[in-house]
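Enquirer:
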Amino acid sequence: MKRPLIQIKKLTKHYVMGDTTVRALDGVDLTVMEGEFLSITGASGSGKSTLMHLLGCLDRPTSGEYWLDGQLVSAMTDRQLAVIRNQKIGFVFQTFNLIQRTSAADNVAVPLFYARKNWTGGPALKALERVGLAHRATHKPSELSGGERQRVAIARAIVNEPKIILADEPTGNLDSRTGKQIMQIFHDLNHAGVTVILVTHEMSVALQARRVIRMRDGLMYEDRTVDQSLREELLTEGGAAPPVEEAAPRARPPMARPANVS
Amino acid sequence: MFFFRIFVMALRSLWIHPLRSILATLGVIIGVGAVVAAMSILEGMSARIETGFATMGSNKIFISPNIERRSGRMVGNFESLKLEDATAIAKECPNVVNVMPQITNSALIKFLSKNTNATVLGATENYSAINNHKVTEGQFLNSTDIQGSASVAVLGSKVKRELFGGRPAIDEKIKISGTLGSRTFTVIGVMEEKGNVAFTDVDRQVIIPISTAMDKLWGVKAVQMIMAEAATPSDADIEKAKEEIKKLLRQRHKIRAGQQDDFQVQAQKEFVQQFSTFQTLIGVVLGSIAGISLAVGGIGIMNIMLVAVTERTREIGVRMAMGAQRLDVLQQFLVEASIVSFLGGALGVLVGWGLATIIQNATRVFETITTGASILLALSMATIVGIVSGIYPAWKASRLDPVEALRYE
Chain A
1 MKRPLIQIKK
11 LTKHYVMGDT
21 TVRALDGVDL
31 TVMEGEFLSI
41 TGASGSGKST
51 LMHLLGCLDR
61 PTSGEYWLDG
71 QLVSAMTDRQ
81 LAVIRNQKIG
91 FVFQTFNLIQ
101 RTSAADNVAV
111 PLFYARKNWT
121 GGPALKALER
131 VGLAHRATHK
141 PSELSGGERQ
151 RVAIARAIVN
161 EPKIILADEP
171 TGNLDSRTGK
181 QIMQIFHDLN
191 HAGVTVILVT
201 HEMSVALQAR
211 RVIRMRDGLM
221 YEDRTVDQSL
231 REELLTEGGA
241 APPVEEAAPR
251 ARPPMARPAN
261 VS
Chain B
263 MFFFRIFVMA
273 LRSLWIHPLR
283 SILATLGVII
293 GVGAVVAAMS
303 ILEGMSARIE
313 TGFATMGSNK
323 IFISPNIERR
333 SGRMVGNFES
343 LKLEDATAIA
353 KECPNVVNVM
363 PQITNSALIK
373 FLSKNTNATV
383 LGATENYSAI
393 NNHKVTEGQF
403 LNSTDIQGSA
413 SVAVLGSKVK
423 RELFGGRPAI
433 DEKIKISGTL
443 GSRTFTVIGV
453 MEEKGNVAFT
463 DVDRQVIIPI
473 STAMDKLWGV
483 KAVQMIMAEA
493 ATPSDADIEK
503 AKEEIKKLLR
513 QRHKIRAGQQ
523 DDFQVQAQKE
533 FVQQFSTFQT
543 LIGVVLGSIA
553 GISLAVGGIG
563 IMNIMLVAVT
573 ERTREIGVRM
583 AMGAQRLDVL
593 QQFLVEASIV
603 SFLGGALGVL
613 VGWGLATIIQ
623 NATRVFETIT
633 TGASILLALS
643 MATIVGIVSG
653 IYPAWKASRL
663 DPVEALRYE
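Each protein sequence line maps, in turn, to chains A and B.
Heads up: the first sequence begins at 1 in my numbering, then just goes up one per residue.
Heads up: the second sequence begins at 263 in my numbering, then just goes up one per residue.
1. Check this for me: beta carbons of A431 (chain B) and T474 (chain B), under 8 Å apart or not?
2. Does M17 (chain A) come within less than 8 Å of chain B when only Cβ atoms are used?
3. With a threshold of 16 other CB atoms inside 10 Å of the CB of R574 (chain B), please say whether the residue is buried or exposed.
4. Which same chain residues, not among the five before or five after A240 (chain A), have their C-beta less than 7 Å away from its C-beta?
5. Flag R274 (chain B) as yes if its beta-carbon sits less than 8 Å from any beta-carbon of chain A, otherwise no.
6. For the region 132-144 of chain A against the region 54-73 of chain A, are there 3 or more C-beta pairs whose distance is under 8 Å?
7. Short of 6 Å in beta carbon distance, which residues of its chain neighbour Q150 (chain A), apart from the five on each side in sequence? Order them along the chain.
8. Using the C-alpha atoms, what's the distance from L55 (chain A) back to D663 (chain B)?
9. Does the region 384-402 of chain B touch the region 436-447 of chain B, meaning 3 or more C-beta pairs lie closer than 8 Å?
10. Just verifying my parser: in three-state terms, what is the DSSP assignment at Q184 (chain A)?
11. Go ahead and pull the three-state DSSP assignment for Q457 (chain B).
12. Could you work out which residue in B:I507, B:F340, B:H279 is closest to A348 (chain B) when comparing CA atoms only?
13. Comparing C-alpha positions only, which one of B:W657, B:L548, B:V527, B:W480 sits nearest to S636 (chain B)?
14. Specify the secondary structure class of Y654 (chain B) as computed by DSSP and reduced to three states.
15. Considering K88 (chain A), what are the terminal residues of the alpha helix (DSSP H) in which it resides?
16. Considering just the uninterrupted stretch of the beta strand (DSSP E) at G400 (chain B), what are its terminal residues?
17. Report all residues from its chain with a CB closer than 7 Å to the CB of D477 (chain B); omit the five preceding and five following residues, and keep chain order.
18. Rounded to whole angstroms, what is the Cα-Cα separation between V414 (chain B) and A369 (chain B)?
19. Could you check whether I472 (chain B) and L343 (chain B) sit closer than 8 Å to each other, using their CB atoms as the reference points?
20. Residues of the region 583-603 of chain B in Cβ contact with chain A at a cutoff of 9 Å, in chain order, please.
21. Quick check: the Cα distance between E169 (chain A) and E202 (chain A), rounded to an integer number of angstroms?
22. Does the CB of I99 (chain A) have a neighbour CB from chain B at under 8 Å?
23. Over the uninterrupted alpha helix (DSSP H) stretch that includes V665 (chain B), give me the two end residues.
24. Since K376 (chain B) sits in a beta bridge, which residues does DSSP pair it with?
25. At a threshold of 7 Å, does N160 (chain A) count as lining the ligand COA (C-beta to nearest heavy atom)?
26. If the cut is a Cβ gap below 8 Å, which residues of chain B does V108 (chain A) touch?
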């Protein structure tokens, strides 16, 4: 169980915009073991989305290495990356991103379809069962509530039994009660052995993971296990809810922690 | 199975905007409809003309006044052929047999209180041999009738039925109205039923001696046409017969060397050739119309596919995140484009077939024939148009950056 699933070394991503180069990611090292529950947090522009895109094999780094499950994915072709995304990664998005014109079951079956597997019945229904939505299989997304849509999206993410779930602000469009239900599903999946990586700017959500990575200016400046002391620190840092990042996403966290930059 | 799934997926996304899909394919619908209708008409036309020629016999020669169409007007001497020309051809051209001058006009035929419209054909005793058309009752015109301008008539089977029903017609008196007034004729025969011969319904004919028709019914001095046959249907003999006729007529009409003929001599084979040239011409015109409308249709489809790609940018991003390869995305949009186009083509076939049927019922000139081959051609053309015009949008979709596509609002 305890073997590294993700290893990234000196990962950078630069965008050239006219004369200036934006260093969205400026040399990040990170190791994630199998079975971890990790959250990546930071303000807008901190590089967390870029990191998520790279971790999700949607994009290629400018430099550095990315090893996923023993394979050097940073050197792969578009075609190979598509296979990796299909087989190893399950995406959950803030806006669910379901295809409106097809049923829940058909939405869940999309990754099966691109895996050239049998997409009817079986696996799609089983995935829906795992998120408690088997009875809504034939409903279209427009007939489902927000929480139900996100559960369909999670079922879609797990239908190919990936190693990693990459969730980008999965509770951002949900009320707090529904958000909790969704977080519970992630916990359950994690207990079942799936590595979950949560990308969020909401500290209260981030703290539900067992490890929090904080980013700023394209760099990781904190990587800590979630414990009481971190909770207290972040509470004093942001004061009472809402947390700092939510209230002023553009603002820098008041306390710089250079010592913790890896 | 994978392809089938893509097919279903494409159908589903088209179904979301049925009106838009139909509007996008309007060009293809019209193009294919026009092609199918035109092909059906052309097919029907050639079938009719072919049977028309087939009933004629292949050694026929037609001699007619040389009339040209100049800027829409018929120019030439309509009265250049005389009855005597026919007699001379029969006498002096050794390779020509069965010479028959003729003149036709439509006229009102009366028997007691009944009347009907029919084609009155002024002909000679050779009619029966040259058209292979015989009497079932009584007898046909003989040379004495012609020479004596006898007021006798032979009825086509339909004319007989309309005027006399089941009763015998021989020796009855009928009245035919011409420009010189109404004239009484004695029925001497009834022709067998034959249908169409050389584009004429011979069952609706009344045949009278040509001399009677010219002198006593219509008061004309010239014949409309002289029909003849070459001794054998071989090309060489037909050519020989034509040369003999031309030489004799130039001499009789006193046409000097270098002067243009005031008549024309054509073999049936030439008509067939002319017709096939005409057919090719129509084919080229139709082909161009089809090409243009299908190109327009293709632009319509390309347009709607580009809209669809933009509209579904995010979906494409999601599909890519779920493991869709660029080729999968390309395939999805290509299939979609060809399905729109194919369905447009199918609608077009229906439209074209309907159009052809309407034209057929409105004109009643000939039957239109919609062949399987023309339907297949139209459908495959439509599909190809769909594929070709789908290539660019599909390529564009497949080249999207997944990160950008997922961010697209």
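Just so you know, even glycine gets a beta-carbon here, dropped at the ideal spot from N, CA and C.
Here the structure is a predicted model, which means the values were calculated and not measured.
Expert: Quick look at the numbers:
1. no
2. no
3. buried
4. At A240 (chain A), the pLDDT of 44 sits below 50, so the modelled position is not reliable and the matter cannot be decided from this model.
5. yes
6. no
7. F96, I182
8. 16 Å
9. no
10. helix
11. For the record, residue 457 (chain B) in the displayed sequence is Gly; it is not Gln. Three-state result, G457 (chain B): coil.
12. B:I507
13. B:L548
14. helix
15. 78-88
16. 397-400
17. S411
18. 16 Å
19. no
20. A583, M584, G585, A586, Q587, R588, L589, D590
21. 8 Å
22. yes
23. 664-669
24. B:F373
25. Within the structure as shown, the ligand COA is missing, as the structure has no ligands at all.
26. The premise fails here: V108 (chain A) is roughly 10 Å from chain B at the closest Cβ pair, so nothing lies under 8 Å.
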